[in-house]
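Report on one structure; see the data block that follows.
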Amino acid sequence: MQILNGLTIGSIFILLSSGLTIVFGLQGVVNCAHGAFYMIGAYLAVKLMPLLHNYWLILAIAFCCTFGLGWLMERLGIRFLVRSKREGTHVLVLTLGLAILLRELVKIGWGAVPQLAEAPAILQGILSWGPITYPKYWLFVMGFTAAIMGILAFFFQRTGLGTLVQSITMNNEVSQSLGTNAPKINTLVFGLGTGIAGIAGVLSGPILGVDPNMTFDLLIILFVVIIFGGLGSLLGVVISGLIVGLVISFGTALITGMVAKILVFVVMIAILLVRPLGLFGKTGILD
Amino acid sequence: MEREHGKRGLTRRSFIQLASGGVIAVSGNWFLPKFSWGAGDEIRIGGVFELSGGLSTIGVEQAKGAELAVKQINESGGIVSKKSGVLGRPVKLLMEDTESKVGTGLAKAKKLIERDKVHVLNGIIMSSISMAIQGYIKEKKIPFINSGSGNEEIVNPPHCGRYFFKGVFGNPQIVLATQYGAKKHGGRWYFIADNYSWGYNCNKFFKQAIQRVTKLEVLAEDYPPFNSDNYAPYITKIKAANPDGVAIGVCGGGYARFIKQAREMGLKTFFHHNFYSRPDVKAAGDASVGMTAGTDFLIENSRIPRAKIFAEEFKAFTGDYPGSAGANGYNVIEVLCKAILEAGSTDPEKIVDVLENLTLKESIMCPTFHFRKCDHSAVMDVFTVEIVKDPKYQYDAKFLEEAKDPTVLMTPCGQTGCEDLMKKS
Amino acid sequence: MGAGILLIVGAAVLPLFFALTAHAEYLQYTVVRMMILGLYAMSFDLLFGFTGIFSFGHAAAFGASAYASAILFTRFKIADPILVIAGGLVFAVIISAIVGYLSSRVGNVAVFLVTFASTEVMQLIAFSNPWNLTNGENGISGIQRMAILGLAPIKAELNFYYFTLIVLALSYFILRKIVSSPLGDVFQGIKGNAERVRFLGYNVEQCKVASFSISGLFAGLAGSLNALHEGTVAPEVLSWFFSGDAVLFTVLGGPGTLLGPILGASIIVLVQEILSDIFREWLVFVGISYVILILFLPKGLFPIFSEIGKKNIPVGSSKVSK
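Protein chains in written order, with the working numbering: chain A, 2 to 288; chain B, -18 to 406; chain C, 176 to 497.
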């Protein structure tokens, strides 16, 4: 039972972290606003559901919106900073400021009260299968995450564009030899990352609730996941996301939640000190 | 090249000059106090509320309640007088946002008292901010009625005092609502509450309340971190324990989240939540139906027809019906204005004397609303309500029963330790 | 240096103008807040502006000292403010040294995460009320200002105003000294190119720890002053948002100038005061400020002000010399 809990929450971590790690691995960009896209996706689902009644359509719309917004953020803000050869910390401050701004705008526009997000009707209810009784929607979330990860893996390993993206990482020479295409690819990948965050928001809304605090709540755990898994590595994110999800589920059940939270932070510091590459990290982006 | 730089240098300089001029002009406004020079006879009520930050949903509703009360009193006297205003003087409510921070809250209280010269102060939900302000008003001798903190620590020494009144009840009272569920379903209970002092407090008093009506068996006590995302591990444990009831002391985002997740996971056990919160129940949706909770305010209260009128007026004013926060914000303003009326002036000593002896019969909360002399904490009715679906209100709190003696779990007068602090200095 | 003396004299004279209004004490209170937050930001400048370390956990030192002072006064009944502050400072330096040690061993971007995580852990500990010391989310209240050494009273707002001003001025001069000393040169060297500094024979890690510790000392000083000023300490002094405030004040005012952050803090407090009378959604402006500042004014506002002051810079020039 707890295993399933761990897998469900782990799936959400995986989905969110994948976007973050792709961007981090590619550009060395820490996007503090990643959680904001997660929040926007969830809010879009809440607001559009009564109008459209079609869950799949809403997923698509959320993806497009957050993709577009992320694309804009990269194109206007981050690219400007990178071109001006600013330090990486400047991007941190920019994305942080944008995250705060987006959160406050949502609060002003849609209220600060937690919103109700419902799973689509066909996915509601409990599945009873042998000894296991589990909510159908939660199982769906796990499966959908697996599907998305599969698509991403396919994209990066098998398609031309994907392998091109993979070879760029932080390797400046390769980027430069690609000429003007490199910045475009960066923007595209950034949008992809934020788009996935938006999907994660739609998926997790009915489970974790929807309110403006989503912007920062999970962010620190996401950092732990991507550092543990190794920056830029999708496989790392999958494995580490599952492990972190399971550890948190079992941890909160066995020891007090406060201690579990402290442990998460301590573990992250330890990883950064001892093995900053994580499980499958490629280059030492963290110097 | 030089010409370009020249342009930039000049524009930057003039920009700075313009900006500085603007800042000085605007800050001149800040230096001036906020009352109009002619209207020295108005009654100024200061309100400090959590209008932003974690508790803003409750804070904004509380502030709206206060605003509505002042508006009505100015228009037609409300319950306070026959003509508009109090003692023939208009009432002005000066509101400030604490931003849910102690530093800001204290600074705003100072601003209201020192710059804007308010006669009385009200508001606040966060007990940490309340206690900081309580220390301050002790020196300044300005009456302050807290209209939102449930934490009874604020009326324990050293925080209690002559000029401070707690206008809402706390855990020792509201947990009495648990007794309905205990009587109906049994004494085997699972306790789950937020992992900080309020949560521990909830569980402690839950147990005391249940013990008074039935044999209590504590199956487990869990303390998830405040505002957790995922309560599934706890819910799995609760399912396994198979209790008669679950006593819940989870607030913030977790309120709705816990209930939703539990019902989604198939947990059908009886739930009781420490307090009824309309916005949180709405966020939890149908999952909250059937749950009982404690509250101090009923819209449909057979003893207080005024409550329903107030609820409709509140809806007209803000767009939604009031919960406990809005009602308390409103009630405290009426209490303050009534006290000023009977004191005959804005003299703090006279106001405090009146408040100590006042019973507000017309209160929308209960007809016997008053403060205990020993620690200035409010004595109000405790209602047990059940969440039901309702075509008009979406979700409503249906009245089940009322606690016979709301003070039974409070520290008895004479043992509070506050008695000495109540004396005039 | 000239600008510093100007500011100090200005602050010393300000209460005379305040006395003309009907609410002098409130204005003094607000300026003291500016000074305390200014000290907090100035201490961060040493770490960020001069040593180039982007810490997102500066609240740790402030909060550690604030809590230590609060506990010393309320729990251990230590009355003298000097001892209360000193106790807070010791604790702040220890915490800063530990965080500095951990941070010195990771790369620049990782420092952000390590410092953030450390402060979060501290805040969680404060919430959990270990040994019933911190009183959880209610915080510690009832801190009073007793007379220093039993002789000099600082209870009145005006007295505390000048006390804080003296502390701020001394801190400024000490930090100025450090920054222009050989150690200061090493700090700035690390900001520019840490490897080169290492080749010159310096132990870069130890120097980073030193930077953390010294800046932690002054942040702690601000924290203890705050505890005495407000009379209350709550977990919000350990929030990541408050760490962000240090960054905001410094970036707004101008990193690497020591005075700029004080200016930045003062401006934010002033704007907060003015805006709250007009417009309630304050945080939107914080977000917008971060964005606009980092994009267009990464050097902050102070260089612009000091540029006006310098008369011999020709109109055509756009650079500020350091």
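For glycine and all other residues, C-beta sits at the position ideal for the given N, C-alpha and C.
Closest in alpha carbon position to Q363(C), among T249(C), G431(C), L343(C), is G431(C). Proximity to Q53(B) across N312(B), A320(B), Y376(B) peaks at N312(B), based on C-alpha coordinates. Straight-line spacing of the CA atoms in A43(A) and M215(A) works out to 9 Å. Counting other Cβ atoms within 10 Å of its Cβ, V275(A) stays below 16 and is therefore classed as exposed. Chain-ordered, the chain B residues with CB closer than 7 Å to the CB of S316(C) read M112, A113, G116. The Cβ of G242(A) sits no closer than 8 Å to any Cβ of chain C.
Around R96(B), the beta-carbon contacts reaching into chain C at under 9 Å are T196, A197, H198, Y201, L202. Residues are counted here when their Cβ sits less than 7 Å from a Cβ of chain A; for the stretch 357 to 387 of chain C the count is zero. When DSSP reads this structure, R70(B) sits in a beta bridge with V67(B). Within the stretch 17 to 51 of chain A, no residue places its CB atom closer than 7 Å to a CB of chain B. Contact between D203(B) and I173(B) holds, with the beta-carbon distance rounding to 5 Å and staying under 8 Å. Annotation for T249(C): no beta strand (DSSP E) segment contains it, though the alpha helix (DSSP H) segment containing it runs 234 to 249.
H54(A) has a beta carbon lying at 8 Å or more from every beta carbon in chain C. Bridge pairing for I442(C): absent [DSSP].
For M76(B), the secondary structure class from DSSP, reduced to helix, strand or coil, is strand.
Annotation: the continuous beta strand (DSSP E) that includes L381(B) extends over 375 to 383. Contact fails between the stretch 379 to 387 of chain C and the stretch 74 to 90 of chain B, because fewer than three Cβ pairs, one in each stretch, are under 8 Å apart.
In this structure, V238(A) lies away from G246(A), with their beta-carbon atoms at least 8 Å apart. Within chain C, not a single residue places a beta-carbon under 8 Å from that of E343(B); the smallest gap is close to 32 Å. If you ignore the 5 residues before and after T294(C), its C-beta comes within less than 7 Å of the C-beta of G232, A234, A235, L413, W415, S418, all in its own chain and listed in chain order. Against chain A, the beta carbon of G234(B) has neighbours under 7 Å at P115, G210, D212, N214, listed in chain order. Within the stretch 248 to 280 of chain C, the residues whose Cβ lies closer than 7 Å to any Cβ of chain A are, in chain order, L277, R280. F302, S303, N304, N310, G311, E312, N313, G314, S316, G317: these are the residues of the stretch 292 to 317 of chain C whose beta carbon lies less than 8 Å from some beta carbon of chain B, given in chain order.
Pairwise C-beta distances place the stretch 292 to 311 of chain B out of contact with the stretch 379 to 387 of chain B, as fewer than three of them are shorter than 8 Å. Assigned with DSSP and collapsed to three states, Y236(B) falls in helix. Between S230(C) and S278(C), the CB-CB gap stays under 8 Å. In this structure, the beta-carbon distance from L381(B) to I126(B) does not fall below 8 Å. At least 8 Å separates the CB of T160(A) from every CB of chain B. The CB of E105(A) comes closer than 7 Å to the CB of E456, L458, V459, G462 in chain C, given here in chain order. In the DSSP annotation of this structure, the continuous segment of the beta strand (DSSP E) that includes I127(A) starts and ends at 127 to 130. With fewer than three CB-CB distances shorter than 8 Å, the stretch 317 to 335 of chain C does not count as touching the stretch 350 to 358 of chain C. Taking a 10 Å sphere around the C-beta of A221(B), we find fewer than 16 other C-beta atoms and assign the residue as exposed.
By alpha-carbon distance to E367(B), the top candidate from D377(B), S358(B), S178(B) is D377(B).
In the DSSP annotation of this structure, the continuous segment of the alpha helix (DSSP H) that includes E370(C) starts and ends at 357 to 374. Look at K354(B) here: in three-state DSSP terms it is coil, with no helix or strand label. Here the C-alpha atom of S358(B) lies approximately 17 Å from the C-alpha atom of I118(B).
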